[in-house]
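> At position 132 of the sequence shown (counting the first as 1) the number is 132 in full-length UniProt numbering, and the numbers step up by one without a gap.
Dumping the structure here so I can ask a few things about it.
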Amino acid sequence: MPSPQSKLTDEQKIEIVTRHDLGETQTALPKEFKVGATTISKVVKKAGNKGAIRGPRTTATPGTSMIEFAKRCRSILWRLDGKEKGTYNKWQIRVDELKRDSSYTQQQAIVQAAKDFPALKRLFREYDTGEFDPNPDSHPDIHRWGKPAPMEGIENEKKDLSFRENLSWAIETAGRFLRTMETPISCPNDEAYFLYRQACEQPKEFLGKFTQVEARTDDGSEEARLAKKSGKRSIDEIEEMLATLGECEKTENATP
1 MPSPQSKLTD EQKIEIVTRH DLGETQTALP KEFKVGATTI SKVVKKAGNK GAIRGPRTTA
61 TPGTSMIEFA KRCRSILWRL DGKEKGTYNK WQIRVDELKR DSSYTQQQAI VQAAKDFPAL
121 KRLFREYDTG EFDPNPDSHP DIHRWGKPAP MEGIENEKKD LSFRENLSWA IETAGRFLRT
181 METPISCPND EAYFLYRQAC EQPKEFLGKF TQVEARTDDG SEEARLAKKS GKRSIDEIEE
241 MLATLGECEK TENATP
């Protein structure tokens with residue numbers, strides 16, 4: 001009998017690894033792909049240990065981006081409701097519905113289902129999912145990868161603020177966004193909005209910039225004290241989010 005693994009295409013192998021990353025067990029996959037459980041185990045193990053399917057994390061191929069996108073979806077929703085896993089289960093059910101009712105591939109169903117969950121919308125600006133998007137015209141409110149961030153609907157108050165004040169507003173607003181996905185309805189000025197976008201999209205670099213500004217301008221004045229106080233909770237929220245993402249990556253990169 002020929003080796004069943006030789007019958008699997010690269011696309012099927014990617015789908016196996018993706019679905020395993022999404023929580024499907026190795027015992028549930030053999031029947032659908034018509035291969036033995038040993039073959040499934042080898043495909044998953046090879047991808048996890050050698051990166052043969054996933055590829056290096058720095059390779060921005062569509063397949064690699066899609067696998068990373070799926071992993072992040074699972075990680076975010078898995079931790080959203082604590083032990084209940086209600087939102088994660090709803091998303092998984094939606095993925096299965098789209099595959100069954102719309103004849104979507106696994107990748108297409110993951111992308112389309114993610115659009116309906118606010119906590120996942122920010123991932124669309126981090127990963128290029130265009131090749132696997134079955135309906136790119138849906139959900140126009142989502143900021144897509146490679147496209148400029150929309151500012152429609154955000155009022156520019158055109159206030160004349162100091163850099164410290166703009167920075168304080170940006171980090172507080174970004175902290176709220178990263179925690180609740182709530183976007184601002186107005187901004188003090190263009191500079192503050194630019195800093196806000198940086199804080200959302202590059203939180204690590206932004207925290208470094210904020211720390212430098214604090215060190216240079218902390219003169220003990222009342223303005224400095226109030227600005228530092230207003231931004232402290234948001235800094236804690238962003239640092240907590242970064243720590244959570246670090247834990248997610250360690251868990252996801254562990255050998256299956």
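Where is the CB? At the ideal position from N, CA and C, for every residue including glycine.
#1: CA-CA distance, Q107 and D160?
#2: In or out: G86 buried (at least 16 other Cβ within 10 Å) or exposed?
#3: Would you report the Cα separation of L195 and G130, rounded to the nearest angstrom?
#4: Using the Cα positions of D133 and A109, report the straight-line distance between them to the nearest angstrom.
#5: Straight-line CA distance for L123 to F206?
#6: By the DSSP assignment, the alpha helix (DSSP H) with D128 in it spans what residues?
#7: Report back the beta-carbon spacing between C200 and F177 to the nearest angstrom; my notes put them in contact at under 8 Å.
#8: Tell me the DSSP secondary structure of K13 in three-state form.
#9: Skipping 5 residues on each side, what residues in its chain have a beta carbon closer than 8 Å to that of I16?
#10: Looking at C-alpha atoms only, which residue of P140, F117 and R144 is the closest neighbour of Y127?
#11: According to the neighbour-count rule (16 or more other Cβ atoms, all chains shown, within 10 Å of its Cβ), is I185 buried or exposed?
If we stick to the structure as given:
#1: Residue numbering aside, residue 107 sits at position 107 when the sequence shown is read from its first letter. Residue numbering aside, residue 160 sits at position 160 when the sequence shown is read from its first letter. Approximately 47 Å, taken between the alpha carbons.
#2: In the sequence shown, residue 86 corresponds to position 86, counting from 1. G86 comes out exposed.
#3: Taking the first residue of the sequence shown as 1, we reach residue 195 at position 195. Taking the first residue of the sequence shown as 1, we reach residue 130 at position 130. Answer to the nearest angstrom: the Cα atoms are 27 Å apart.
#4: Taking the sequence shown and counting its residues from 1, one reaches residue 133 at position 133. Taking the sequence shown and counting its residues from 1, one reaches residue 109 at position 109. When rounded, the distance between both Cα atoms is 8 Å.
#5: For the purposes of this step, residue 123 is taken as the residue at position 123 of the sequence shown. For the purposes of this step, residue 206 is taken as the residue at position 206 of the sequence shown. Cα to Cα, L123 sits roughly 19 Å from F206.
#6: Translated into positions along the sequence shown, residue 128 becomes position 128. Note, D128: premise wrong, no alpha helix (DSSP H); not H, not E.
#7: What you label residue 200 is simply residue 200 of the sequence shown in a count that begins at 1. What you label residue 177 is simply residue 177 of the sequence shown in a count that begins at 1. Confirmed, Cβ separation roughly 6 Å.
#8: Here residue 13 corresponds to residue number 13 of the sequence shown, with the count starting at 1. If DSSP states are grouped into helix, strand and coil, K13 belongs with the helices.
#9: For the purposes of this step, residue 16 is taken as the residue at position 16 of the sequence shown. So the qualifying residues of the chain are L8, L29, F33, I40, V43 and V44.
#10: To locate residue 127, count along the sequence shown from 1; it is residue 127. Among P140, F117 and R144, the Cα nearest to that of Y127 is on R144.
#11: By 1-based counting over the sequence shown, the position of residue 185 is 185. Burial call: exposed.
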